[in-house]
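Here the structure is laid out as structure tokens; the discussion comes afterwards.
Protein chains: 4
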Amino acid sequence: MMMLSNTLNNPSFWLDDHPHEECGITAIFAPGEDVARMTFFSLFALQHRGQEAAGIAVSDGFSIRMHKDIGLVSQVFTPENLAPLSGNFAIGHNRYSTTGSSSIRNAQPFLLETRHGPVAVAHNGNLVNSKELRQELLESGVGLSSSSDTEIIAQMLAGAAGEDTFERLKDAMLRWIGAYSLVILTLKEAFVARDPWGFHPLSVGLLPSGGHAAASESGALHTLGCVGIREVKPGEIIALSNHALRVEQALQPKNPTALCTFENIYFSRPDSFWDGRSVHQIRKNLGTALAKTAPVDADVVIPVPDSSIPAAIGYSQASGIPYDEGFVKNRYIGRTFIEPTDTLRKQGVALKFNVIDEKICNQRVIVIDDSLVRGNTIAPLIQLLRDAGAREVHLRITCPPISYPCFMGVDMGTCGELIAHSHTVDEIREQIGADSLVFLPLNKMMSAIGKDDGYCNACFTGCYPFTVPGHGIKMGFENCINDIHGIGR
Amino acid sequence: MMMLSNTLNNPSFWLDDHPHEECGITAIFAPGEDVARMTFFSLFALQHRGQEAAGIAVSDGFSIRMHKDIGLVSQVFTPENLAPLSGNFAIGHNRYSTTGSSSIRNAQPFLLETRHGPVAVAHNGNLVNSKELRQELLESGVGLSSSSDTEIIAQMLAGAAGEDTFERLKDAMLRWIGAYSLVILTLKEAFVARDPWGFHPLSVGLLPSGGHAAASESGALHTLGCVGIREVKPGEIIALSNHALRVEQALQPKNPTALCTFENIYFSRPDSFWDGRSVHQIRKNLGTALAKTAPVDADVVIPVPDSSIPAAIGYSQASGIPYDEGFVKNRYIGRTFIEPTDTLRKQGVALKFNVIDEKICNQRVIVIDDSLVRGNTIAPLIQLLRDAGAREVHLRITCPPISYPCFMGVDMGTCGELIAHSHTVDEIREQIGADSLVFLPLNKMMSAIGKDDGYCNACFTGCYPFTVPGHGIKMGFENCINDIHGIGR
Amino acid sequence: MMMLSNTLNNPSFWLDDHPHEECGITAIFAPGEDVARMTFFSLFALQHRGQEAAGIAVSDGFSIRMHKDIGLVSQVFTPENLAPLSGNFAIGHNRYSTTGSSSIRNAQPFLLETRHGPVAVAHNGNLVNSKELRQELLESGVGLSSSSDTEIIAQMLAGAAGEDTFERLKDAMLRWIGAYSLVILTLKEAFVARDPWGFHPLSVGLLPSGGHAAASESGALHTLGCVGIREVKPGEIIALSNHALRVEQALQPKNPTALCTFENIYFSRPDSFWDGRSVHQIRKNLGTALAKTAPVDADVVIPVPDSSIPAAIGYSQASGIPYDEGFVKNRYIGRTFIEPTDTLRKQGVALKFNVIDEKICNQRVIVIDDSLVRGNTIAPLIQLLRDAGAREVHLRITCPPISYPCFMGVDMGTCGELIAHSHTVDEIREQIGADSLVFLPLNKMMSAIGKDDGYCNACFTGCYPFTVPGHGIKMGFENCINDIHGIGR
Amino acid sequence: MMMLSNTLNNPSFWLDDHPHEECGITAIFAPGEDVARMTFFSLFALQHRGQEAAGIAVSDGFSIRMHKDIGLVSQVFTPENLAPLSGNFAIGHNRYSTTGSSSIRNAQPFLLETRHGPVAVAHNGNLVNSKELRQELLESGVGLSSSSDTEIIAQMLAGAAGEDTFERLKDAMLRWIGAYSLVILTLKEAFVARDPWGFHPLSVGLLPSGGHAAASESGALHTLGCVGIREVKPGEIIALSNHALRVEQALQPKNPTALCTFENIYFSRPDSFWDGRSVHQIRKNLGTALAKTAPVDADVVIPVPDSSIPAAIGYSQASGIPYDEGFVKNRYIGRTFIEPTDTLRKQGVALKFNVIDEKICNQRVIVIDDSLVRGNTIAPLIQLLRDAGAREVHLRITCPPISYPCFMGVDMGTCGELIAHSHTVDEIREQIGADSLVFLPLNKMMSAIGKDDGYCNACFTGCYPFTVPGHGIKMGFENCINDIHGIGR
């Protein structure tokens, strides 16, 4: 509890006004190689998807050994604890915590002994029917040791009836509603699977050594030197094992699919691909679209580093207004529980960002930010620019206002926390102190992405790809859900 | 020993081919405020100047209390260990380790009880006559508990004869040859002082609450909300105390002074000022100068993030060749002792940087880097670009080749380690695999900085501002020093 | 693995030649009191029963909160992590590790969410049919996350069909063969239960505040200030809740019961009662019996501290030979992985015990030890006495030779490790270097205990109270089990 | 500060009512052996003399390497941090903290570089003129980094003028008033020295490998397998080096000497010798003397474990009243900051000791304790006996009442804390609830020890062996010192 309230008061927390991904996952099959170390490097490249806990499970064909703990990948693993993790197959997981409860109980992979042998599961996503599935498992007499839906997935595989893991996984997928990119480890195989909506990314590639690797993002496969990288299709299961990949379209992809737009906007590394397109290029396109949609006469275009840099470059190139750095970001921001006193805060103690004053003084500044969630970060940033002498501050956002929570594994915050849920754009503009504020409209965002549909934009529109059962996942949501139904129609 | 060899083999180490600053320092006088917390935030903003150890000493007028330990500022300090550090005066220190021996013995501040009362000292720099001073102290019967020249400074203050700290410090400064930016804490005052050559930066400013603060960089004073920021002059002592600042030109500034050029090139935060000029602007100027000096027909200009970004923007604007991101830097690189096996490395496992392939494929690329020290980082980076399909790679460096070691507190490496000490530019170009390589010549670098003299460029020229006694500080230097004398003439 | 081999080579390990108890357990019901703290003190008093891990689970009627970790009770718990454990009911557990694998996965209590609500279980003992029960659970589709039979117990309670916890526990007990003293926590009750053989101890008492407490040993209840202490009967379940204890004879006690003799010999605190008798007094009786059975002319009687002290006092009083201290035991022996080199060991470096030379020099010494398991401790101790000048060393053991392993939760070692499994008494005497060696015969031991039957003496006789299924629990046991059957007849 | 008050409230603290030794020291010369490991084992055997911090310094002839930290010996040292400490000479130190401030700054050895080369010093004792010596050093211009008088000793050796370490040490000893048993390490030698009063013990012995070892107690030398053990004489310096021991009577022993009686009463291991006599035997003699001095009709004699066991055996043998165990001591008492609430305490929660009820119920009990300092432990113990049904409780103490503080390095507490400073024996008896209370008179204590004089009994008599300068070491002492002079006459 003390932990929780510290976190909420923590300036390094409230200064990061972004939705939060829940996880990064990876799987490796590389006979004769140091698979644990390769898994480590893949997780290292996926660290931005989750910083709370990390874990690796490895099979040598006879048993599965696992190490997981709370902390960054580089803190959790040492040469000493990696050494015993020898084998041919491995899976790994980075966890982001939604609740402030940093418990080892919820760290992944989740490893169970089953009648089919040991099974380890790591999961990126959220099952919206987990409550029902959980209840079914409990009613069937299974006891559950965590609140994680990854345990539900693992126990369902333990209880499933099919002939082999492939069949059991296929059967279980029929029951799962929601977002799941999965890596699964048994004694003799590693599996990757993606829900039929295709919410979250997952790619596979060929390792230089001849084996295969899978990871949430193609950027991590790049880091491993992979070639022949392709995305796992929605509804697809792929088994990594001794011979060629075994690929099966377990479930037909939903029509339309529901890929998460936010992978483009913020989550993915810029060197990753999402839905066959370069994330970096899409972000530049978003900037270009903003320049066309919301031009303004100004002296300089600056990004809120780091995710908005490509969009700011794109805006600059399309508008002809010079690009420059305006904010300096402290690279050493980490988990500190020391916060400025109120007095210090009022005196302007700026922990995470400083302004390069002479770039800003007496200038008309266009600030590009990727998204606006709670709105608590951008206001102090704009104030920093004002203090540095900015004449005008025009804020441009590369996506529409976020007005609805996400139920597919992204921590957007509750309706009550989302500034756009209850404020008009003009109210927001006034509240954050900008001279002008433009959000990129949905259709222009999708044009910049290069697709008309197939994406989940529920956080902008409230139109979820399916009815969300239970409705009560987050406090205060009950009132919100009515709005959603109103709007969703 | 294991530590050391691990470090040398550590990819996150050899991929950081930069000179290393030894320290960041700060001093606060803020009666009625939480000075320890303010010192913490100042050190936080100076973290880039040293990541090995951190310390804070605070005086409440009756005693000095201190906490220091190995680790990042955010790791060393907690609300619990900051709480007892109450008082009106404080000094703080971030340490960078040159030797790989991470010992708490060398952490600063250095606190001594003396006949004049308790004295705490924190130091950025290096006394080139420390060996003689050390010997004198030992001969006088003083025992020394560390190899740090900060202890020498503190013991000299303990033994000095003057009437007050001001006088004693002035007397001692007469004996010190080399680089020293100092913060000194006694029961009733805090002092800041800078050597008469002015090697390293140090600024003071007025706190919003009415007190004063000093810090290695103006960017840290910004973070504290300071106004009226000015640099401490070479040879100047300033006492922070109850009334107005007491300022005295203790020693006449050397003519010429010897300000460290590398603060512009690499060390300082871009939002800091150095010698009255904006570091960010100077870096843009360096890029502009490079574009004029070494133009090349190409499709895109990319920086090696983060320090080269302004120069790449400058190069782009001057040349009209579009600026873009080409490398993605892993923000979570920290102290990991897990390294790729040779096999993995040969397979291209890229730990710190990935390339955004589609920006690079089939392109003629200009890469801007701030400096080239050992040359071991840039070669793999260029290879990454080649692997991504770059047609041409043109490397432009914002300073001349570094051919000589530094004796003023910057870890450049030994002559044997400096690639430019024994290789021509063309040999270097071939070795790193670039299509062309141009270093910004000294005179154009100085023009971009906006000064003709007053700077120490010894690492480029071998012309040191004074004869360096002892000559044997680093292994292999004996041979090198002959070269230096040859060249220096 | 390194851990394991270190442990085996660890002198503080091989110098402790005792059977090892697996656990201490406790349960508290104390509305309005700080039950977590009371549980802590009870575990503190039971620390001798297990030093590897400790855990406490507390219910406030709405949820169960738990903290457990590897380490001593005093290391695992702090005021900070105890504070959130508020409620009216609690259970606690100290774990002893049999395998050298100090895994948090096997720490207890084991907490599951079930269809009947949350259930936490802590267990002292061993189910000999755990393999079959485990297989049944797996076949029913349950996945298991540890190798602990406590998880089996918890999952069986999760899947059991009865109307309330009492009924479900009763049903499950019908299936369990082996040793189990249990404490079980639900939202509204705490339960204690003991197997119908009564292998391991468990007592309940009335707290000064009006609630109830249970603990493995009456000594721990003493520490809590309990009165009205009585043992839980074999086959009995007792519910601790708002009103009077609810007591039920769930299973009829076996006839004969099979109480563990070793609680008298070694395990229990001397201030505890076992089967209604004072452990301290029984140990004195064992010494008296030894004096009568195996008299020898000598100058002094000394114990191997601490567990043999009462028996040595008893021997002295019965024989008239003066009692004295002969060994000094290092009280700070803990987990050190620093061991003497072979050279140092040969030179006589004595880590755990020293001899008080002048007590021993030129004396005929009777040494009383409680038991002899591997025989690797007593040989160096006798050598220490010889080095100190003892003229004669007569070893007297307060129980018969241990020749067979235990399957009821006590770590005796395998047949191959038990010195008496393959050596005659005279061979042992020669091997350890004693002038004479007498084990107290079984019938005299039982007389001293004051009972003819009702005790499990399988480790002495090989006559187990039931057929042990599976037979292969420990390596090398297959050969041994034939012997057992031969002897058992 | 929080630490301090926690400690004072800590039941494991107030239940240990003993004077506290400040240190254990050791020195090893063993060419070709693992001297660091040998030093570790010696410190392990001396752990009872100080549990706050531990350190080892080793010389290989070229440099001195050191590791020290806060914690028990087994916590401070690991195979990893011992490994680099290779060499032929070593010294080690266990520290007891008098003040509650567990600072690494005060851990020993204290290592200085001096004009004579590196010098490491470890110290058991207290210089009563340290304030003057400290002032002299400060006045001479030396800065001091700690409040430890060990640093004073080291800096005096750094500044001393003599030809070699032997001479410099001899000169310095002339200036030191008070208690000091020292081990000193230089590059090529290890020295041991003892003050001319001989306050604290120090012995040397011949190692099996041919080298020499020194330690505070002969028991530790025993542990190392030493033979030819003898005490370092008061005023003697011994150099351990390549050839035979170099022994010199640096200062004439005082006449009379002032050996600390409390080494016999409580501090030393029972297997150690002090002043040529067995500590265990002396403690038995003290019990015998008590039996003769203060006989009482009773049923059983019990010790307060562990230090009073030999005296209780002696009392029993002299009186014919049976010896038995009455208290069970929790062997796992360590540093826990979890304390019983007042409610729990009132309910009788007994953390450290339990009573074996049936030994006590309805009995007339003689309790033997070694000493009575604050009297806060014995009262609850007597209450435990009463609660267990003791008919009578007769307390016998093996020394006179402690009425005066110690200035020679033993933490007795201040006058105000010493129960006997302001209460008569009968008042104490009433306060602690005993039926009778007898302290062994000074002359009978000395008879049991076997000496008439040569011992410091200042804590009993107030007659210090010299005038204590400064008088104000502990708060409230000013008033006390008048009493002392009154009584001392």
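Chains as they are written, first to last, in the numbering used here: chain A, 1 to 489; chain B, 490 to 978; chain C, 979 to 1467; chain D, 1468 to 1956. Every residue gets a Cβ at the ideal spot worked out from N, C-alpha and C, and that includes glycine.
- Exclusion of the five residues before and after serine 531(B) leaves Thr515, Ile517, Gly581, Ala702, Ala704, Ala709, Leu710, Thr712, Leu713 as the residues of its chain whose Cβ lies within less than 8 Å of its Cβ.
- Each of Leu663(B), Ala519(B), Gly905(B), Gly694(B) was checked against the Cα of asparagine 618(B), and the nearest Cα belongs to Leu663(B).
- Three or more Cβ pairs closer than 8 Å define a contact, and the segment 1142-1159 of chain C meets that threshold against the segment 1226-1233 of chain C.
- Contact check between the segment 1704-1714 of chain D and the segment 1519-1537 of chain D: fewer than three CB pairs, one atom from each, fall below 8 Å, which does not count as touching.
- Cysteine 1490(D): member of the beta strand (DSSP E) spanning 1490-1496, first to last residue.
- About 5 Å separates the CB atoms of glycine 687(B) and leucine 748(B); that is less than 8 Å, so the two are in contact.
- Look at tyrosine 1799(D) here: in three-state DSSP terms it is coil, with no helix or strand label.
- For the segment 1489-1512 of chain D, residues whose beta-carbon sits nearer than 8 Å to a beta-carbon of chain C comprise Glu1500, Asp1501, Arg1504, Met1505, Phe1507, Phe1508, Phe1511, Ala1512.
- The beta carbons of asparagine 1066(C) and histidine 1045(C) sit no closer together than 8 Å.
- Between isoleucine 810(B) and alanine 778(B), the C-beta spacing is not below 8 Å.
- The residue from Ser1126(C), Val1274(C), Ala1136(C), Gln1113(C) with its alpha-carbon nearest to that of glycine 143(A) is Ala1136(C).
- Residue contact with chain D for glutamate 628(B): present (Cβ-Cβ distance below 8 Å to some residue of chain D).
- Among the CB atoms of chain D, none fall inside 8 Å of the CB of alanine 543(B).
- For histidine 612(B), the three-state secondary structure derived from DSSP is strand.
- The Cβ of tyrosine 1931(D) sits no closer than 8 Å to any Cβ of chain C.
- Under the DSSP definition of a beta bridge, lysine 1046(C) partners with Gly1033(C).
- Under a criterion of Cβ atoms nearer than 7 Å, the residues of chain A adjacent to lysine 848(B) are, in order, His280.
- Distances from the alpha-carbon of phenylalanine 949(B) to those of Thr956(B), Met901(B), Pro598(B) put Met901(B) closest.
- In the three-state reduction of the DSSP assignment, glutamine 624(B) falls in the helix class, which pools H, G and I.
- Of all residues in the segment 698-719 of chain B, only Ser698, Gly708, His711, Thr712, Leu713, Gly714 come within less than 7 Å of chain A when Cβ atoms are compared, listed by chain position.
- The three-state secondary structure of aspartate 1149(C), taken from DSSP, is helix.
- Residue environment analysis places phenylalanine 1040(C) among the exposed positions, since fewer than 16 neighbouring C-beta atoms fall within 10 angstroms of its C-beta.
- The three-state reading of DSSP puts tyrosine 1433(C) in strand, counting E and B together.
- For aspartate 1809(D), the nearest beta carbon of chain C is not closer than 8 Å to its own beta carbon.
- At a cut-off of 8 Å, the C-beta of serine 1612(D) has a neighbouring C-beta in chain B.
- Put simply, the CB of isoleucine 1397(C) is far from chain D, with every gap to its CB atoms at 8 Å or more.
- Taking C-alpha positions only, alanine 294(A) is separated from alanine 311(A) by approximately 13 Å.
- In the DSSP assignment, alanine 937(B) falls within the alpha helix (DSSP H) that extends over 931-938.
- By the rule that beta-carbons nearer than 8 Å mark a contact, serine 1541(D) touches chain C.
- In this structure, the alpha-carbon of glycine 560(B) lies about 13 Å from that of glutamine 75(A).
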